[in-house]
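A.B. asks: As given, the protein sequences belong to chains A and B, one line each in that order. Numbering that gives the first Met the number 0 numbers the first residue of the first sequence as 0 and each following residue consecutively. Numbering that gives the first Met the number 0 numbers the first residue of the second sequence as 0 and each following residue consecutively. Got a structure here, written out as structure tokens. Questions coming.
There are 2 protein chains.
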Amino acid sequence: MYKQTCTNLLSLSPVEVNKWLDSFDSVITDCDGVLWVYGNVIPGSPETINYLKGMGKSIYFCTNNSTKTRKELLMKGIDLGFNITEEGIIATAHAAASYLKNRNFDKRVYLIGSPGIAQELDAVGIQHTGVGPDVMKAPLGEFMAKHLTIEPNIGAVVVGFDEHFSFPKMTKAASYLSDPKCLFIATNTDERFPMPGMVVPGSGSFVNAIRTCAEREPIVIGKPNPAICQSLIQQKKIIPSRTLMIGDRANTDILLGYNCGFQTLLVGTGIHSLNDVAQWRNSKNPDDKKLIPDVYIPKLGDLLPAILNSITHGRY
Amino acid sequence: MYKQTCTNLLSLSPVEVNKWLDSFDSVITDCDGVLWVYGNVIPGSPETINYLKGMGKSIYFCTNNSTKTRKELLMKGIDLGFNITEEGIIATAHAAASYLKNRNFDKRVYLIGSPGIAQELDAVGIQHTGVGPDVMKAPLGEFMAKHLTIEPNIGAVVVGFDEHFSFPKMTKAASYLSDPKCLFIATNTDERFPMPGMVVPGSGSFVNAIRTCAEREPIVIGKPNPAICQSLIQQKKIIPSRTLMIGDRANTDILLGYNCGFQTLLVGTGIHSLNDVAQWRNSKNPDDKKLIPDVYIPKLGDLLPAILNSITHGRY
Numbered sequence: 000m001y002k003q004t005c006t007n008l009l010s011l012s013p014v015e016v017n018k019w020l021d022s023f024d025s026v027i028t029d030c031d032g033v034l035w036v037y038g039n040v041i042p043g044s045p046e047t048i049n050y051l052k053g054m055g056k057s058i059y060f061c062t063n064n065s066t067k068t069r070k071e072l073l074m075k076g077i078d079l080g081f082n083i084t085e086e087g088i089i090a091t092a093h094a095a096a097s098y099l100k101n102r103n104f105d106k107r108v109y110l111i112g113s114p115g116i117a118q119e120l121d122a123v124g125i126q127h128t129g130v131g132p133d134v135m136k137a138p139l140g141e142f143m144a145k146h147l148t149i150e151p152n153i154g155a156v157v158v159g160f161d162e163h164f165s166f167p168k169m170t171k172a173a174s175y176l177s178d179p180k181c182l183f184i185a186t187n188t189d190e191r192f193p194m195p196g197m198v199v200p201g202s203g204s205f206v207n208a209i210r211t212c213a214e215r216e217p218i219v220i221g222k223p224n225p226a227i228c229q230s231l232i233q234q235k236k237i238i239p240s241r242t243l244m245i246g247d248r249a250n251t252d253i254l255l256g257y258n259c260g261f262q263t264l265l266v267g268t269g270i271h272s273l274n275d276v277a278q279w280r281n282s283k284n285p286d287d288k289k290l291i292p293d294v295y296i297p298k299l300g301d302l303l304p305a306i307l308n309s310i311t312h313g314r315y
Numbered sequence: 000m001y002k003q004t005c006t007n008l009l010s011l012s013p014v015e016v017n018k019w020l021d022s023f024d025s026v027i028t029d030c031d032g033v034l035w036v037y038g039n040v041i042p043g044s045p046e047t048i049n050y051l052k053g054m055g056k057s058i059y060f061c062t063n064n065s066t067k068t069r070k071e072l073l074m075k076g077i078d079l080g081f082n083i084t085e086e087g088i089i090a091t092a093h094a095a096a097s098y099l100k101n102r103n104f105d106k107r108v109y110l111i112g113s114p115g116i117a118q119e120l121d122a123v124g125i126q127h128t129g130v131g132p133d134v135m136k137a138p139l140g141e142f143m144a145k146h147l148t149i150e151p152n153i154g155a156v157v158v159g160f161d162e163h164f165s166f167p168k169m170t171k172a173a174s175y176l177s178d179p180k181c182l183f184i185a186t187n188t189d190e191r192f193p194m195p196g197m198v199v200p201g202s203g204s205f206v207n208a209i210r211t212c213a214e215r216e217p218i219v220i221g222k223p224n225p226a227i228c229q230s231l232i233q234q235k236k237i238i239p240s241r242t243l244m245i246g247d248r249a250n251t252d253i254l255l256g257y258n259c260g261f262q263t264l265l266v267g268t269g270i271h272s273l274n275d276v277a278q279w280r281n282s283k284n285p286d287d288k289k290l291i292p293d294v295y296i297p298k299l300g301d302l303l304p305a306i307l308n309s310i311t312h313g314r315y
């Protein structure tokens, strides 16, 4: 409807908002930066999502956050006031475990990740090396000679967010990946999470470290890989052209929308802003054009008054 | 003479070897993979280097290894039988310190590296945060709230080889680099060091991790950046067209030669092989062509008999 025009929803007339609302039946929304920031809800997001659900839209949460199980995300969503079910949650920890399960994977996983992904692997019966600290216990030479245990039965290296990322983990991952039969799976490639006064590295930082020393490209499970929404599309739970993807990070959320043929909505409460969109418009790189959303709104909560206004004044 | 033909020196006639020897006055050689592998000398390398020096060639060692000071490299070279002086050693720890010193850098360095680079910074009076372990001491939320100390006076992040690379170090580096005035310096970008049964990550892995979460490009001090040889050229200690660069890693050593207009010799005792050269020949990427050396020899020690034979039978 507004194909990659980055039209500000707040500049539309009530009739136009109404037509836009009628153009999709399903909503897939990113979580962190759209619905909440870490533990804090973004004001207005629950009311907006719940209102869209009340209008009959099917709602899916789709997060690259690999640290949480679907159950944990469900609890968090409910706690923060969202009307959501476990089937409506698409998460990379669960999706990575499903990916391996669907391939009948029967070896062990070398895991760079967090308890959430370990639990999702456990839930489908896939063995793994566990999570937690793995620090240098000796000088480099001694470490390589005595402390570096390379297990024989590792069939995949899975890399997600890991606050205990370390040199020994890098060495083990690269060593396992020197066997071309060993799978290299990344939950996601989000680069970082800027916060006031600090920058928290994202999984993409760990993935790029391993990619460099392994000299291999990973299979990326999360957004923007369309595989993350494949089963929804195949099972005809959503029709791509009538699906709205909402996100704050263009190179994951909006690009997923582009890759799947969804409509796209960028919100300004997270990573990317209208300034970024202006740069992509001016860029000569054709890949940058894929990052431009159809529509934009400063925050998701701004949508609810626009919807209510369109219902009152926007009949067409 | 054999511009990017990857001619095998062992296939040349004594007269051709003699002409080739006459085509350069200076030799810049990589260390690890050409002269030695970790603590072990590669047989024949010292005799060959010392013979070239005896012929009147000036000899320079040029290493991206950021863990050693020039003095340590000098001692190692002498111990392993090389006839070399400290002035003949070009090393990235020393070069990174000189780079900052030459800019009259007067803030503190956040250092991801090893004692060698710390000592080179100390030697030129540049303050830094020190080296060693920095591990997660608390869960992520508590770490960010209580343990993440961001110092106000950091003016540069320097990244070299660091066996204590960790998530807290990544977080600090990325946070400092969110100030655009903070310099981002990488000693080198060597990806990895494959060893029997394991792969040891190189500085390039750490640099790519930081690059991803900082969303910034580093100034790379080491090979293939021609800056590493700039003072030799400016002070007319070497004439580029009459300088031979010897290396085992094409994307650092041979590319440095290409970038500086040196002649190049690839040896087969380290990272890259004739198979790699064959791939670059067939590649459609013009950058890959820069990796093709002028000449090749299986190991540096094979050069000495060829030289001796050319002296006996190769007069022209």
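C-beta atoms are modelled at their ideal positions from N, C-alpha and C, and glycine is treated no differently.
In the structure shown, what three-state DSSP assignment does P45(B) receive?
C.D. replies: Position 46 of the second sequence, counted from the first residue, corresponds to residue 45(B). Residue state, collapsed to three classes: helix.
A.B. asks: Just list the alpha helix (DSSP H) runs in the stretch 159-246 of chain A, keeping only unbroken ones of 4 residues or longer that don't cross its boundaries, in chain order.
C.D. replies: With a minimum length of 4 residues, the continuous alpha helix (DSSP H) runs that stay inside the stretch 159-246 of chain A are 166-176, 202-213, 229-233.
A.B. asks: Go ahead and label I153(B) buried or exposed: buried means 16 or more other beta carbons lie within 10 angstroms of its beta carbon, across all protein chains shown.
C.D. replies: Stepping through the second sequence from its first residue, residue 153(B) is reached at position 154. I153(B) should be labelled buried.
A.B. asks: Name the two residues that bound the continuous beta strand (DSSP E) containing Y109(A).
C.D. replies: The residue labelled residue 109(A) in the question sits at position 110 within the first sequence. Taken as a continuous stretch (DSSP letters only), the beta strand (DSSP E) holding Y109(A) covers 107-111.
A.B. asks: State the CB to CB distance for the pair H127(A) and L110(A), rounded to an integer number of angstroms; the pair is presumed to be in contact (CB under 8 Å).
C.D. replies: Reading the first sequence from its first residue, position 128 is the one you call residue 127(A). Reading the first sequence from its first residue, position 111 is the one you call residue 110(A). At roughly 5 Å, the Cβ-Cβ gap stays under 8 Å, so H127(A) and L110(A) are in contact.
A.B. asks: Just confirm the distance between the C-beta atoms of D293(B) and Y1(B), as a whole number of angstroms; I'd bet it's less than 8 Å.
C.D. replies: Residue numbering aside, residue 293(B) sits at position 294 when the second sequence is read from its first letter. Residue numbering aside, residue 1(B) sits at position 2 when the second sequence is read from its first letter. About 4 Å; that satisfies the 8 Å criterion.
A.B. asks: Note the first and the last residue of the continuous beta strand (DSSP E) segment covering L265(A).
C.D. replies: Within the first sequence, the letter at position 266 stands for residue 265(A). Taken as a continuous stretch (DSSP letters only), the beta strand (DSSP E) holding L265(A) covers 262-266.
A.B. asks: Using CA coordinates, which residue listed in S309(B), L9(B), V276(B) is at the minimum distance from N250(B)?
C.D. replies: Looking up residue 250(B) in the second sequence gives position 251. The option with the nearest alpha carbon to N250(B) is V276(B).
A.B. asks: Give me the DSSP bridge partner(s) of W35(B).
C.D. replies: Taking the first residue of the second sequence as position 1, residue 35(B) is located at position 36. Its beta-bridge partners are D31(B), V40(B).
A.B. asks: Using C-beta distances below 8 Å, list every residue in its chain close to A137(A), excluding the 5 sequence neighbours before and after it, in chain order.
C.D. replies: Against the first sequence, residue 137(A) aligns to sequence position 138. Cβ within range, chain order: K145, H146.
A.B. asks: Taking only the alpha-carbon atoms, compute the straight-line gap between R215(B) and I184(B) and give it to the nearest angstrom.
C.D. replies: Position 216 of the second sequence, counted from the start, is the residue given in the question as residue 215(B). Position 185 of the second sequence, counted from the start, is the residue given in the question as residue 184(B). Distance between the alpha carbons of R215(B) and I184(B) is about 11 Å.
A.B. asks: Counting only beta-carbon separations shorter than 8 Å, does F164(A) have a partner in chain B?
C.D. replies: Taking the first sequence and counting its residues from 1, the one referred to as residue 164(A) is at position 165. So yes, F164(A) belongs to the interface.
A.B. asks: Name the chain B residues whose beta carbon is nearer than 7 Å to that of G203(A)?
C.D. replies: Residue 203(A) sits at position 204 when you count from the first residue of the first sequence. The contacting residues are T211.
A.B. asks: Shortest alpha-carbon distance to Q278(A) belongs to which of P151(A), C181(A), K180(A), I291(A)?
C.D. replies: For the purposes of this step, residue 278(A) is taken as residue 279 along the first sequence, with counting starting at 1. Comparing Cα-Cα distances from Q278(A) to each of P151(A), C181(A), K180(A), I291(A), the minimum goes to I291(A).
A.B. asks: If I measure Cβ to Cβ from P167(B) and keep anything under 8 Å in the same chain, skipping five residues before and after, which residues do I get?
C.D. replies: Locating residue 167(B) in the second sequence gives position 168, counting from the first residue. Counting only Cβ-Cβ distances below 8 Å, and skipping sequence neighbours, we find D133, V134, M135, F142, H146, L147.
A.B. asks: I'd like to check one pair, N101(A) with N187(A): are the Cβ atoms closer than 8 Å?
C.D. replies: As a first step, residue 187(A) must be located in the first sequence, where it is residue number 188. As a first step, residue 101(A) must be located in the first sequence, where it is residue number 102. Taking 8 Å as the Cβ cut-off, N187(A) and N101(A) do not qualify as a contacting pair.
A.B. asks: Under 8 Å, with one C-beta from each stretch per pair, do the stretch 264-276 of chain A and the stretch 239-256 of chain A reach the 3-pair mark?
C.D. replies: Taking 8 Å as the limit for Cβ pairs, the verdict is that the stretch 239-256 of chain A does touch the stretch 264-276 of chain A.
A.B. asks: So with Cβ pairs under 8 Å, would you call R248(A) a contact of chain B?
C.D. replies: Numbered from its first residue, the first sequence carries residue 248(A) at position 249. No, because no Cβ of chain B sits closer than 8 Å to the Cβ of R248(A).
A.B. asks: Counting Cβ pairs, one atom from each stretch, are 3 or more of them under 8 Å apart for the stretch 229-245 of chain A and the stretch 191-201 of chain A?
C.D. replies: Taking 8 Å as the limit for Cβ pairs, the verdict is that the stretch 191-201 of chain A does not touch the stretch 229-245 of chain A.
A.B. asks: What is the rounded straight-line gap between the Cα of N284(A) and the Cα of T263(A)?
C.D. replies: Counting from one through the first sequence, the residue named residue 284(A) turns up at place 285. Counting from one through the first sequence, the residue named residue 263(A) turns up at place 264. About 20 Å.
A.B. asks: For I153(B), which beta-bridge partners are listed by DSSP?
C.D. replies: On the second sequence, position 154 is the one that residue 153(B) refers to. DSSP output for I153(B) lists R107(B) as bridge partner(s).
A.B. asks: Can you name the start and end residues of the alpha helix (DSSP H) that A122(A) belongs to?
C.D. replies: For the purposes of this step, residue 122(A) is taken as the residue at position 123 of the first sequence. Note, A122(A): alpha helix (DSSP H), 114-122.
A.B. asks: On the three-pair Cβ rule with 8 Å, is the stretch 222-234 of chain B touching the stretch 198-212 of chain B?
C.D. replies: Because the criterion of three Cβ pairs below 8 Å is not met, the stretch 222-234 of chain B and the stretch 198-212 of chain B do not touch.
A.B. asks: Would you say A122(B) lies against chain A (beta-carbon separation less than 8 Å)?
C.D. replies: Taking the second sequence and counting its residues from 1, the one referred to as residue 122(B) is at position 123. A122(B) does not count as touching chain A.
A.B. asks: CB-CB under 7 Å to K52(A), same chain, minus the five flanking residues each way: which ones, in chain order?
C.D. replies: The residue you call residue 52(A) lines up with position 53 of the first sequence. Result list for K52(A): I58, N82, in chain order.
A.B. asks: Are the beta-carbon atoms of G267(B) and P297(B) separated by less than 8 Å?
C.D. replies: Counted from its first residue, the second sequence places residue 267(B) at position 268. Counted from its first residue, the second sequence places residue 297(B) at position 298. Yes. Within cutoff.
A.B. asks: Would you mind giving the Cβ-Cβ distance between I218(B) and G159(B), rounded to the nearest angstrom? I have them listed as a contact below 8 Å.
C.D. replies: Taking the second sequence and counting its residues from 1, one reaches residue 218(B) at position 219. Taking the second sequence and counting its residues from 1, one reaches residue 159(B) at position 160. Wrong, their Cβ atoms sit about 13 Å apart, outside the cutoff.
A.B. asks: Are any of the Cβ atoms in chain A nearer than 8 Å to that of V266(B)?
C.D. replies: One-based indexing of the second sequence puts residue 266(B) at position 267. Output row for V266(B): interface = no.
A.B. asks: Give the range of the alpha helix (DSSP H) segment to which V14(B) is assigned.
C.D. replies: Locating residue 14(B) in the second sequence gives position 15, counting from the first residue. Counting along the chain, the alpha helix (DSSP H) containing V14(B) begins and ends at 13-21.
A.B. asks: If contact means a Cβ-Cβ distance below 9 Å, which residues of the stretch 124-153 of chain A contact chain B?
C.D. replies: Result list: P132, V134, M135, P138, L139, G140, F142, M143, L147, I149.
A.B. asks: Cβ atoms of S113(A) and T339(A): under 8 Å apart, would you say?
C.D. replies: Past the boundaries of the shown model lies residue 339(A); chain A is included only from 0 to 315, so the question cannot be answered.
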